[in-house]
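Those protein sequences? They're chains A and B, same order as listed.
Residues in the first sequence are numbered consecutively from 2, following this note's numbering.
Residues in the second sequence are numbered consecutively from 247, following this note's numbering.
Backbone N, C-alpha and C fix where the C-beta goes; we use that ideal spot for every residue, glycine too.
Keep in mind that this is a model prediction, so the values were computed, not measured.
Structure, as structure tokens:
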Amino acid sequence: MSKPYRRPMSKLWWLRRRPYTAFMLREISSVFIGAYVVLLLVLVWRVDAGPSAYAAYLDTLKSPGMLAFHAIAFVFALLHTITWFLLAPKALAVWRGQKRVPAPLIAGPHFLVWLLLSGGVAALFLA
Amino acid sequence: MADETITLEVSRYDPDGDSEPTFQSYDVPFQEDWVVLDALNYLKDQVDGTLSYRWSCRMGVCGSCGMMVNGVPKLTCAVFLRDYAPGPIKVEPLAHFPVERDLIVALDDFVSKLQDIKPWIIRDVEKPLDEGVYRQTPAEVARYQQFSMCINCMLCYAACPVYGLEESFLGPAAIALAQRYNLDSRDQGRDQRQELVASDEGIWDCTLVGECSAVCPKDVDPAGAIQQAKVASTLDWYKSFLLPFPGRRKQKTEA
Numbered sequence: 002m003s004k005p006y007r008r009p010m011s012k013l014w015w016l017r018r019r020p021y022t023a024f025m026l027r028e029i030s031s032v033f034i035g036a037y038v039v040l041l042l043v044l045v046w047r048v049d050a051g052p053s054a055y056a057a058y059l060d061t062l063k064s065p066g067m068l069a070f071h072a073i074a075f076v077f078a079l080l081h082t083i084t085w086f087l088l089a090p091k092a093l094a095v096w097r098g099q100k101r102v103p104a105p106l107i108a109g110p111h112f113l114v115w116l117l118l119s120g121g122v123a124a125l126f127l128a
Numbered sequence: 247m248a249d250e251t252i253t254l255e256v257s258r259y260d261p262d263g264d265s266e267p268t269f270q271s272y273d274v275p276f277q278e279d280w281v282v283l284d285a286l287n288y289l290k291d292q293v294d295g296t297l298s299y300r301w302s303c304r305m306g307v308c309g310s311c312g313m314m315v316n317g318v319p320k321l322t323c324a325v326f327l328r329d330y331a332p333g334p335i336k337v338e339p340l341a342h343f344p345v346e347r348d349l350i351v352a353l354d355d356f357v358s359k360l361q362d363i364k365p366w367i368i369r370d371v372e373k374p375l376d377e378g379v380y381r382q383t384p385a386e387v388a389r390y391q392q393f394s395m396c397i398n399c400m401l402c403y404a405a406c407p408v409y410g411l412e413e414s415f416l417g418p419a420a421i422a423l424a425q426r427y428n429l430d431s432r433d434q435g436r437d438q439r440q441e442l443v444a445s446d447e448g449i450w451d452c453t454l455v456g457e458c459s460a461v462c463p464k465d466v467d468p469a470g471a472i473q474q475a476k477v478a479s480t481l482d483w484y485k486s487f488l489l490p491f492p493g494r495r496k497q498k499t500e501a
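Structure follows, in structure tokens:
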């Protein structure tokens, strides 16, 4: 009996269609979020080491490479946050009788709380 | 206009003679009201009777005619030639499944997974027939109705790169079907399905690419079903720590 043919899957499958590429970008955004968390932890560590250590670390963060990293990480942080908030209604099925609460009413509060928290943090630092 | 044609590039594979599939080009009459399946039927009737593919109802109900059309899983009875004009239109068997012949894929793995999730109403104890049917309110029907619309066309599996990379993945349609029964107020079989659904090959293999829902011709939203099953399973896990008696953890899936 003849054997069915199994097609190999290209390692570049995620470049073949835009939704797959968008998915991979969303996944890669986690790497930048993680790297940024490491930088923050190092910041706390340098604060604990004293004023001179903290000042030296701030100088390091001002280097062109670090500035470029922060710009890229910021874009990926936005992508990460927006895409996951938009997916929240898939996981949260809230019902009112026979009607499911529309997706914007699930995703909307996520964005609202995000804006309020971000505004609060910004106000704290700008004050 | 009557002489206008459009080119179909059709994947051909003869398991008795070919080492791998190849593409064959055909020019078919371009008719405004022809779907891709009409063009395939024209080819089989008028040009090449050896062309093999599945189809049945031609009205988006049977789920038999799913194929890759220009790289995207589609029911070929539901996409018009005019949507792809001026062509060419590349027609391939559904991605991620072994190819039996031409545009026909092997169904064994999919059917086996459907059976594994026990897609029927399970009762701890069936009530006697003379007590009548199990009644449901419209709200109880609404909870699972969307997930019951699946026609087993397998487009979601062809769109799922996780299934393409890991054949052991239970997959979108099977998990959506499990969720359909788990959410049914008449069903008491969630615990029996949970071992498979909440396994590494089940919901936790899903990385939420989301294309299963995007390509679904019946708006079943299997990606949503999987994420809601993840929420329910996570709640189970927390309850296993917080609640002292296992019997109290049993619940209808909430999502």
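Candidates the options: closest to residue i by CA position
{"i": "D437(B)", "options": "R389(B), K364(B), T251(B), S310(B)", "result": "K364(B)"}
{"i": "W280(B)", "options": "D451(B), D329(B), S431(B)", "result": "D329(B)"}
{"i": "S479(B)", "options": "L254(B), G309(B), Q440(B), F487(B)", "result": "Q440(B)"}
{"i": "Q474(B)", "options": "N316(B), K464(B), I449(B)", "result": "I449(B)"}
{"i": "K336(B)", "options": "M305(B), F276(B), N316(B), P407(B)", "result": "N316(B)"}
{"i": "I34(A)", "options": "L80(A), A104(A), F24(A), K12(A)", "result": "L80(A)"}
{"i": "K359(B)", "options": "N428(B), N398(B), S310(B)", "result": "N398(B)"}
{"i": "Y259(B)", "options": "W15(A), V39(A), G109(A), R8(A)", "result": "R8(A)"}
{"i": "L93(A)", "options": "F77(A), G66(A), L116(A), P110(A)", "result": "P110(A)"}
{"i": "T296(B)", "options": "P261(B), E278(B), F276(B), G309(B)", "result": "P261(B)"}
{"i": "L283(B)", "options": "Q425(B), D264(B), P339(B)", "result": "P339(B)"}
{"i": "M67(A)", "options": "Y6(A), A36(A), V45(A), A89(A)", "result": "A36(A)"}
{"i": "A424(B)", "options": "D294(B), F393(B), G306(B)", "result": "F393(B)"}
{"i": "P407(B)", "options": "K12(A), A128(A), L40(A), P5(A)", "result": "K12(A)"}
{"i": "Y403(B)", "options": "I252(B), Q277(B), G456(B)", "result": "G456(B)"}
Where residue i falls, given that 16 or more other Cβ within 10 Å makes a residue buried
{"i": "C323(B)", "result": "buried"}
{"i": "Y484(B)", "result": "exposed"}
{"i": "P384(B)", "result": "exposed"}
{"i": "G312(B)", "result": "buried"}
{"i": "G409(B)", "result": "For clarity, residue 409(B) is Tyr in the given sequence; the question names Gly instead. Y409(B) should be labelled buried."}
{"i": "E500(B)", "result": "Bear in mind that the predicted position of E500(B) carries a pLDDT of just 48, short of 50, making it unreliable; the figure below should be weighed with that in mind. With fewer than 16 other Cβ atoms within 10 Å, it is exposed."}
{"i": "S31(A)", "result": "exposed"}
{"i": "F75(A)", "result": "exposed"}
{"i": "D465(B)", "result": "exposed"}
{"i": "F126(A)", "result": "exposed"}
{"i": "K241(B)", "result": "Lying before the first or after the last residue shown, residue 241(B) is absent from chain B, which here runs from 247 to 501."}
{"i": "P418(B)", "result": "buried"}
{"i": "D49(A)", "result": "exposed"}
{"i": "K91(A)", "result": "buried"}
Within chain A, partners of residue i - CB distance below 9 Å
{"i": "K476(B)", "result": "A92"}
{"i": "E255(B)", "result": "Near E255(B) there are no residues of chain A at all, since even the closest Cβ is about 16 Å away, more than 9 Å."}
{"i": "R432(B)", "result": "Chain A residues near R432(B): none, gap ~17 Å exceeds 9 Å."}
{"i": "A388(B)", "result": "W96, G98, Q99, K100, R101"}
{"i": "F470(B)", "result": "Note that residue 470(B) corresponds to Gly in the displayed sequence, not to Phe. Here the neighbours are P90, K91, A92, A94."}
Residues near residue i in its chain [Cβ-Cβ closer than 6 Å; skip 5 each side]
{"i": "V461(B)", "result": "P319, L401, A405"}
{"i": "V95(A)", "result": "V102"}
{"i": "E346(B)", "result": "A352"}
{"i": "R27(A)", "result": "T84"}
{"i": "Y380(B)", "result": "R432"}
{"i": "V256(B)", "result": "Q270, V337"}
{"i": "C308(B)", "result": "S302"}
Anticipated Cβ contact below 8 Å, residue i with residue j, distance rounded
{"i": "A420(B)", "j": "A471(B)", "result": "At roughly 10 Å, the Cβ-Cβ gap does not stay under 8 Å, so A420(B) and A471(B) are not in contact."}
{"i": "L349(B)", "j": "Y299(B)", "result": "4 Å"}
{"i": "W413(B)", "j": "D355(B)", "result": "The question names Trp, but residue 413(B) is Glu in the sequence shown. With 8 Å as the limit, E413(B) and D355(B) qualify as a contact, their Cβ atoms being about 7 Å apart."}
{"i": "A78(A)", "j": "A108(A)", "result": "No, A78(A) and A108(A) are not in contact; Cβ-Cβ is about 18 Å, not under 8 Å."}
{"i": "L321(B)", "j": "P468(B)", "result": "The Cβ separation is near 16 Å, so there is no contact."}
Same chain, Cβ closer than 8 Å to residue i, neighbours up to 5 away in sequence not counted
{"i": "D362(B)", "result": "L416, A420, L442"}
{"i": "V43(A)", "result": "Y58"}
{"i": "I73(A)", "result": "F33"}
{"i": "E266(B)", "result": "Y259"}
{"i": "W15(A)", "result": "Y21, T22, F24, M25"}
Contact set between residue i and chain B, taken where Cβ atoms lie within less than 7 Å
{"i": "R7(A)", "result": "P344"}
{"i": "G98(A)", "result": "A385"}
{"i": "M10(A)", "result": "G410, L411"}
Same chain, Cβ closer than 7 Å to residue i, neighbours up to 5 away in sequence not counted
{"i": "A285(B)", "result": "L254, V274, L327"}
{"i": "R495(B)", "result": "Note that R495(B) has pLDDT 49, beneath the 50 cutoff, so the model's placement of it is unreliable and no number is given."}
{"i": "D430(B)", "result": "I367, Y390"}
{"i": "R369(B)", "result": "Q434"}
{"i": "R47(A)", "result": "A54, Y55, Y58"}
{"i": "F112(A)", "result": "F86"}
{"i": "M247(B)", "result": "Since pLDDT at M247(B) reaches only 48, below the 50 mark, its modelled position is unreliable, and the value read off the structure follows with that caveat. Here the set comprises nothing."}
{"i": "G263(B)", "result": "none"}
{"i": "A104(A)", "result": "P90"}
Contacts of residue i in chain B (Cβ-Cβ under 9 Å)
{"i": "F24(A)", "result": "P407, T453, L454, V455, G456, E457"}
Cβ-heavy atom distance, residue i to the ligand FAD, below 7 Å
{"i": "S479(B)", "result": "Of the ligands one can find in the structure shown there are none, so the ligand FAD has no counterpart to examine."}
Neighbouring residues, chain A, relative to residue i (Cβ below 8 Å)
{"i": "A444(B)", "result": "The premise fails here: A444(B) is roughly 15 Å from chain A at the closest Cβ pair, so nothing lies under 8 Å."}
{"i": "Y259(B)", "result": "Y6"}
{"i": "A352(B)", "result": "P5"}
Closer than 8 Å at the beta carbon, the chain B residues around residue i
{"i": "R17(A)", "result": "G317"}
{"i": "P20(A)", "result": "V455, G456, E457, A460"}
{"i": "L88(A)", "result": "L454, G456, Q473"}
7 Å Cβ cut-off: residues of chain A touching residue i
{"i": "E266(B)", "result": "Y6"}
Short CB-CB distance (under 8 Å) between residue i and chain E
{"i": "G435(B)", "result": "No chain E is present in this structure, whose protein chains are A and B."}
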